[in-house]
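Chemist: Protein chains in written order, with our numbering: chain F, 5 to 330; chain S, 146 to 632.
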Amino acid sequence: MTTTSASTASAGVFDDITSSESSLRRFLHGLPGVDQVGAEGRAASLGTRSIKTTAKAYALDLAIRMVDLTTLEGQDTPGKVRALASKAMRPDPADPTCPATAAVCVYPDMVGTAKEVLGDSGVHVAAVATAFPSGRAALDIKLADTRDAVEAGADEIDMVIDRGAFLSGRYLQVFDEIVAVREACARPDGQSAHLKVIFETGELQTYDNVRRASWLAMMAGAHFIKTSTGKVQPAATLPVTLVMLEAVRDFREQTGQMVGVKPAGGIRAAKDAIKYLVMVNEVAGPDWLDPDWFRFGASTLLNDLLMQRTKMTTGRYSGPDYFTLD
Amino acid sequence: MVSTGSTTGKSAVFDYAPAPESRSIVDIKPSYGLFIDGDFVDGHGKSFKTISPATEEVLAEVSEADDADVDLAVKAARRAYTRVWSRMPGKERAKYLYRIARIIQERGRELAVLESLDNGKPIKESRDVDIPMVAAHFFYYAGWADKLEYSGFGAGNPRPLGVAGQVIPWNFPLLMLAWKIAPALAAGNTVVLKPAETTPLTALLFAEICQQADLPRGVVNIVTGAGDTGRTIVSHADVDKVAFTGSTEVGKAIARAVAGTDKKVTLELGGKAANIVFDDAPVDQAVEGIVTGIFFNQGHVCCAGSRLLVQESVADEVLERLKRRMGTLRVGDPLDKNTDIGAINSAEQLAKIRELSDIGEQEGAGRWSPACDLPKNGFWFPPTVFTGVSQAHRIAREEIFGPVLSVLTFRTPAEAVEKANNTPYGLSAGVWTEKGSRILWMADQLRAGVVWANTFNKFDPSSPFGGYKESGYGREGGRHGLEGYLR
């Protein structure tokens, strides 16, 4: 997926809007509001869908294929990352029919190590960049961070927006930063790493802000919009993801461009992952039911998906000892 | 709608496999008698069949109570009132109501399955809305039973009225029973209740629950039957209070029947509610509210938002979003946990919905339904929206009581109010706007018993419900709901 399929999303269409701080602000504040009670109610009602038998088997495999298997710790070592990468390629060593995950997600300094293991397996390497997780650094440092990861072979870059700038209303600064990072994702061969833009919705607080941030990032050319770093609570929630799915759906209506969505942080159970897939299916539409357009940022989720998958095929639950802990 | 993405061949569609709730949890007897004076007894009249509207399968035979049966029931209620219930301290009555509420919770799944079978409503609604609300109503009014002197009614010493004759509709069978019985019993009255002829089963199961709770004999009497039985109850000379929920036509007949008597009456009748969407509305939630407003319970809701009034400047966008959303509604087996819209309750009701929809088409309104496969047996109607409707159309004036939405437009808030109020009904209304001051202004102007702001069809036992004009009089729910059962 190192192509530029959803390239320069905004080229032309939004030039008037993004030409000045005031026009950008007018546009973002002119978006329809989000009623908190209504959005949460809709998310809860989608959560009551009952996904059984064949539908569950399909959903579990799809969810595994959508996982960005993540380790973002100060204590990460090459050994840990190599183990994680092996697991991403063969999540269930006992079952060769089990699909691989979409990607592994690591800090930039671990990209090379991950890449070595993953090779051309099809599992991507995603790197968090731009002074992750706080995003509090000068722009040139963020760009250097990005280029460093891209040069090391990252297929995907997960950047964070400057929440301080966003909350103080400097939308154009956030916009320009995303555009600049996206340019830094370019590789010498003309290809470009895919850009995921993290909002840290737990810090943006309101659904209105989440909708505004979604449009801001999509206009700036994000390939994916992502809820959280996983370092701030609350991380991904169903209602926040609902608002983002509505945004990508509306963006495609208006521009024809598809943008992906990635909830990250806090999704630990297969049951929850299935709720997200139901929401993708019914809100954005089945076109998004693909690892190219929807991802889960998670670490522990994968093992629960595997346990449920084994239960589906064998009819029995097996203990956690039968699943690898990498 | 073009996808420019690199769509790497999708493996399969996300088809939800059938997820049916098991009906084995509920035992339906082949036939039921009448619940009079604490026992199930055979009626003197004929019997009639109650069917599952989703399959037309016969569920059970039910007795039709005749005049003599009703008289027995009223006598039993009178005896229980005089000898036991009106003399019992409120805190003792409360214990019975709490006990009933707890049993309803314990047997919730059973009640939900039975309700969906007999009524046709989706299990997710009977499970998540109807039955929890039923229990909540009993809990709520149980709390009032020993605090009646603080209700503000009856000049500090409120007294019950006596025997209440209650006739309820088929759209929320057990919930309407709870709305009637819980406040009546809390206030110290005894009741004779007739469930609708197409949906008697949960009321009969409720009778079993009364036995299980050791409720004193005669306090609750359930007599089944059709219109004649209902007429006999409301016109019985020893009934002190008449409570009715149903059509405006029958409501008027009841009002005539009790005129000149000293019976107290509350009527909760039809509606043709306006759901008003302004151009600054939270549009995705408004679309959800429109869907909830008219498609909840197949539109068999007296307070359904059956007229969508949408500001002309956003009408196209709202309609487009509404149609897309309607495309995701799942119509089918009421017992499937993923069903959004179940069966129409009866052949008669289906015929009425069809007739009015055909009239809408003939009158020139644009009719649209999403593509959906309807089951062969049973009574079904697809979710339907009519565009280009004006106040002069019959579908904008008459209550269809089905999943049929009429869409009208307006230009200014004043026009919205004018159109919303231009109906003989006045049960409910919805307002969608991000502007708080406009919500308050609208709520003040709208002649409707309930005005929902940025939501629709939200209920709580503590909140009173009732209508203006031909939507009836009296309030149910909340402190206000006690007034109809106290003097």
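Cβ coordinates follow ideal geometry from the N, Cα and C atoms, glycine included. From a predicted model like this one, the values you see are computed outputs, not experimental measurements.
#1: Nearest CA to the CA of residue 59 of chain F: which residue from F/275, F/326, F/325?
#2: Any idea what DSSP makes of residue 54 of chain F, helix, strand or coil?
#3: Cβ of residue 411 of chain S within 8 Å of Cβ of residue 629 of chain S?
#4: Using a beta-carbon distance cut-off of less than 8 Å, what residues from the segment 34 to 45 of chain F approach chain S?
#5: What residue range does the beta strand (DSSP E) around residue 74 of chain F cover?
#6: Measure the CB-CB distance between residue 420 of chain S and residue 474 of chain S and report whether it falls below 8 Å.
#7: Per DSSP, what kind of secondary structure is residue 8 of chain F in: helix, strand or coil?
#8: Consult DSSP for residue 572 of chain S and reduce its assignment to one of helix, strand or coil.
#9: What is the DSSP secondary structure of residue 20 of chain F, counted as helix, strand or coil?
#10: Below 8 Å, how does it come out for the segment 280 to 295 of chain S and the segment 560 to 576 of chain S: are there three or more Cβ pairs, yes or no?
#11: Run down chain F in chain order and give the residues with a C-beta less than 8 Å from the C-beta of residue 482 of chain S.
#12: Cβ of residue 108 of chain F within 8 Å of Cβ of residue 98 of chain F?
#13: Contact check, residue 229 of chain F vs residue 221 of chain F under 8 Å by CB: the rounded distance?
#14: Got a sec, what are the start and stop residues for the beta strand (DSSP E) residue 452 of chain S sits in?
#15: CA-CA distance, residue 377 of chain S and residue 274 of chain S?
#16: Is the beta carbon of residue 314 of chain S sitting closer than 8 Å to the one on residue 372 of chain S?
#17: Contact criterion: CB-CB distance below 8 Å. Does residue 290 of chain F meet it with respect to chain S?
#18: Considering just the uninterrupted stretch of the beta strand (DSSP E) at residue 411 of chain S, what are its terminal residues?
#19: Counting only C-beta atoms, is residue 59 of chain F closer than 8 Å to chain S at any point?
#20: When the Cα of residue 555 of chain S is compared with those of S/184, S/260, S/362, S/459, which residue comes out closest?
#21: Could you name the residues of the segment 421 to 434 of chain S whose beta carbon sits closer than 9 Å to any beta carbon of chain F, in the order they occur along the chain?
#22: Do we get a CB-CB distance below 8 Å when we pair residue 250 of chain F with the residues of chain S?
#23: For the segment 577 to 609 of chain S, list every residue whose C-beta sits within 8 Å of some C-beta in chain F, in sequence order.
#24: Any beta carbon of chain F sitting closer than 8 Å to that of residue 266 of chain S?
#25: CB-CB under 8 Å to residue 247 of chain F, same chain, minus the five flanking residues each way: which ones, in chain order?
#26: In the segment 384 to 433 of chain S, which residue ranges form an unbroken beta strand (DSSP E) of at least 3 residues, counting only runs that do not cross its ends?
#27: Does any residue of chain S bring its CB to less than 8 Å from the CB of residue 160 of chain F?
#28: Identify whether residue 162 of chain F lies in helix, strand or coil by the three-state DSSP scheme.
#29: Rounded to the nearest angstrom, what separates residue 259 of chain S and residue 239 of chain S at their Cα positions?
#30: Could you round the C-beta distance between residue 231 of chain F and residue 268 of chain F to whole angstroms and report it? I think they count as a contact, below 8 Å.
#31: Alpha carbons only, please: which of F/133, F/138, F/172 is nearest the one belonging to residue 156 of chain F?
#32: Tell me whether residue 597 of chain S sits in a helix, a strand or coil according to DSSP, three-state version.
#33: Relative to chain S, which residues along the segment 282 to 306 of chain F have a C-beta separation below 7 Å, given in chain order?
#34: Please report how far the alpha carbon of residue 13 of chain F lies from the alpha carbon of residue 226 of chain F, in whole angstroms.
#35: Could you check where the beta strand (DSSP E) with residue 133 of chain F kicks off and where it finishes?
Modeler: Working from what's here:
#1: Here residue 59 of chain F refers to the residue found at position 55 when the first sequence is read from its first residue. Of the listed residues, the one whose Cα sits closest to residue 59 of chain F is F/275.
#2: By 1-based counting over the first sequence, the position of residue 54 of chain F is 50. Under the three-state reduction of DSSP, residue 54 of chain F is assigned to coil, being neither helix nor strand.
#3: For the purposes of this step, residue 411 of chain S is identified with residue 266 of the second sequence, where counting begins at 1. For the purposes of this step, residue 629 of chain S is identified with residue 484 of the second sequence, where counting begins at 1. Yes, the Cβ-Cβ distance between residue 411 of chain S and residue 629 of chain S is below 8 Å.
#4: So the close ones are 36, 37, 38, 39, 41, 42, 43, 45.
#5: On the first sequence, position 70 is the one that residue 74 of chain F refers to. Run containing residue 74 of chain F: 71 to 74, per the beta strand (DSSP E) assignment.
#6: Mapped onto the second sequence, residue 420 of chain S falls at position 275. Mapped onto the second sequence, residue 474 of chain S falls at position 329. No, they are not a contact pair.
#7: Sequence index remark: in the first sequence, residue 8 of chain F carries index 4 (1-based). Caution applies to residue 8 of chain F, whose pLDDT of 40 falls short of 50 and renders its modelled position unreliable; the model cannot decide the point.
#8: Translated into positions along the second sequence, residue 572 of chain S becomes position 427. Of the three classes helix, strand and coil, the one that applies to residue 572 of chain S here is coil, per DSSP.
#9: Reading the first sequence from its first residue, position 16 is the one you call residue 20 of chain F. In the structure shown, the three-state DSSP call for residue 20 of chain F is coil.
#10: In short, these stretches do not touch, since the Cβ pair count stays below three.
#11: Position 337 of the second sequence, counted from the first residue, corresponds to residue 482 of chain S. Contacts between residue 482 of chain S and chain F, judged by CB atoms closer than 8 Å, involve 52, 53, 54 in chain order.
#12: Here residue 108 of chain F is taken as the residue at index 104 of the first sequence, counted from 1. Here residue 98 of chain F is taken as the residue at index 94 of the first sequence, counted from 1. Not a contact, by the Cβ cut-off of 8 Å.
#13: Position 225 of the first sequence holds residue 229 of chain F. Position 217 of the first sequence holds residue 221 of chain F. The Cβ separation is near 5 Å, so the contact holds.
#14: Here residue 452 of chain S is taken as the residue at index 307 of the second sequence, counted from 1. In this chain, the beta strand (DSSP E) harbouring residue 452 of chain S covers 452 to 456.
#15: Start at 1 with the first residue of the second sequence, and residue 377 of chain S comes out as number 232. Start at 1 with the first residue of the second sequence, and residue 274 of chain S comes out as number 129. Inter-residue distance for residue 377 of chain S and residue 274 of chain S is about 32 Å (C-alpha atoms, whole angstroms).
#16: Position 169 of the second sequence, counted from the start, is the residue given in the question as residue 314 of chain S. Position 227 of the second sequence, counted from the start, is the residue given in the question as residue 372 of chain S. Here residue 314 of chain S is not near residue 372 of chain S, since their CB atoms are 8 Å or more apart.
#17: As a position in the first sequence, residue 290 of chain F is number 286, starting the count at 1. At least one beta carbon of chain S lies nearer than 8 Å to the beta carbon of residue 290 of chain F.
#18: Counting from 1 along the second sequence, the entry for residue 411 of chain S is found at position 266. From DSSP, the beta strand (DSSP E) with residue 411 of chain S extends over 409 to 413.
#19: Here the question's residue 59 of chain F lines up with position 55 in the first sequence. Against chain S, the CB of residue 59 of chain F has a partner CB under 8 Å away; the residue lies at that interface.
#20: As a working mapping, residue 555 of chain S is identified with position 410 in the second sequence. The candidate whose alpha carbon is nearest that of residue 555 of chain S is S/459.
#21: Hits within the stretch, in order: 425, 426, 427, 428, 429, 430, 431, 433, 434.
#22: In the first sequence, the residue the question calls residue 250 of chain F occupies position 246. Closer than 8 Å to some Cβ of chain S, the Cβ of residue 250 of chain F qualifies, so yes.
#23: For the segment 577 to 609 of chain S, which is checked against every Cβ of chain F, the residues closer than 8 Å are 579, 599, 600.
#24: Working through the second sequence from its first residue, we reach residue 266 of chain S at position 121. With 8 Å as the cut-off, residue 266 of chain S does not count as an interface residue toward chain F.
#25: As a working mapping, residue 247 of chain F is identified with position 243 in the first sequence. So the qualifying residues of the chain are 38, 43, 211, 214, 215, 218.
#26: Segments of the beta strand (DSSP E) lying fully in the segment 384 to 433 of chain S: 386 to 390, 409 to 413, 419 to 422.
#27: Here residue 160 of chain F refers to the residue found at position 156 when the first sequence is read from its first residue. Output row for residue 160 of chain F: interface = no.
#28: If you number the first sequence from 1, residue 162 of chain F lands on position 158. Residue 162 of chain F sits in a strand when the DSSP states are folded into three classes.
#29: In the second sequence, counting from the first residue as 1, residue 259 of chain S sits at position 114. In the second sequence, counting from the first residue as 1, residue 239 of chain S sits at position 94. Rounded to whole angstroms, residue 259 of chain S to residue 239 of chain S spans 27 Å at the Cα level.
#30: Start at 1 with the first residue of the first sequence, and residue 231 of chain F comes out as number 227. Start at 1 with the first residue of the first sequence, and residue 268 of chain F comes out as number 264. In this structure, residue 231 of chain F and residue 268 of chain F form a Cβ contact; the two beta carbons are roughly 6 Å apart against a cut-off of 8 Å.
#31: To locate residue 156 of chain F, count along the first sequence from 1; it is residue 152. It is F/133 whose Cα lies nearest to the Cα of residue 156 of chain F.
#32: Indexing the second sequence from 1 puts residue 597 of chain S at position 452. Correct three-state label for residue 597 of chain S: strand.
#33: Residues of the segment 282 to 306 of chain F with a C-beta less than 7 Å from any C-beta of chain S: 285, 286, 290, 291, 293, 294, 296, 297, listed in chain order.
#34: Along the first sequence, one-based indexing puts residue 13 of chain F at 9. Along the first sequence, one-based indexing puts residue 226 of chain F at 222. Residue confidence is low: residue 13 of chain F scores 46 on pLDDT, short of 50, so the model does not pin down where it sits. No coordinate-derived value is stated.
#35: As a first step, residue 133 of chain F is located in the first sequence; it is residue number 129 there, counting from the start. Looking at the DSSP string, the run of the beta strand (DSSP E) that includes residue 133 of chain F is 128 to 133.
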